[in-house]
Amino acid sequence: MSKKLTGECLCGAVKFSVENHFKAFYQCHCKQCQKLTGSAFASNIFTEPDNIQWLAGKEKVTEYEHETREFSKSFCSVCGSAVPFINKTKTSLIVPAGSLNELPTMAPQANIFTSEEACWLKSGFKAESFSGFPK
Ligand SMILES: [Zn+2]
Ligand SMILES: [Zn+2]
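For the sequence shown, the residue numbers in UniProt numbering are 1 to 135.
Here is the structure:
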């Protein structure tokens, strides 16, 4: 049996666990993921739709589904953090990697939709690094 990983939103209202058993891990750079995350790309881990146990706050999860395209997101209605959701075709549970508290054994396998990559992504990696706020 694989080890369980726990996850939660920033405010802690929503908590869940998943088996550390995943089928894919993609970093998606598409424009829609940029909008949904407010960042350069989405880090999404795919697993079986039934691989989730909600431990707290399931009733605080708000779901969004794009009217015409295959885009969904679930988030904590208190703090807005991304939490796991089942895709529109109901074939996968998608776990936002940043919602996990522990390291999954699977590393990202691919960067996808890089043709739509944020224009500031590469220059961002070249910027100076600080362990906290810049001095
Ligand atoms: Zn929250
Ligand atoms: Zn995307």
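For glycine and all other residues, C-beta sits at the position ideal for the given N, C-alpha and C.
If you're wondering where the values come from, they're calculated on a predicted model, not measured in any experiment.
Can the beta-carbon of residue i be found closer than 7 Å to that of residue j?
i: residue 202; j: A82; result: This structure does not reach residue 202, given that the chain is present from 1 up to 135, and the question cannot be answered.
i: V14; j: C76; result: yes
i: K60; j: V78; result: yes
i: L93; j: N44; result: no
Using the three-state DSSP reduction, which class does residue i fall into: helix, strand or coil?
i: T37; result: helix
i: F25; result: strand
i: L103; result: coil
i: K126; result: helix
i: L10; result: coil
On the criterion of 16 or more Cβ atoms from any shown chain inside 10 Å, does residue i qualify as buried, or is it exposed?
i: L36; result: buried
i: Q53; result: exposed
Verify the contact flag: residue i, CB atom, against every heavy atom of ligand 1, threshold strictly below 6 Å.
i: C11; result: yes
i: S81; result: yes
i: C76; result: yes
Should residue i be counted as a contact of ligand 2 given a C-beta to heavy atom distance under 6 Å?
i: residue 138; result: An answer regarding residue 138 cannot be provided, because it is not within the stretch 1 to 135 covered by the chain.
Under 7 Å Cβ to Cβ from residue i, same chain only, skipping five residues before and after it: list those, please.
i: E65; result: S72, K88
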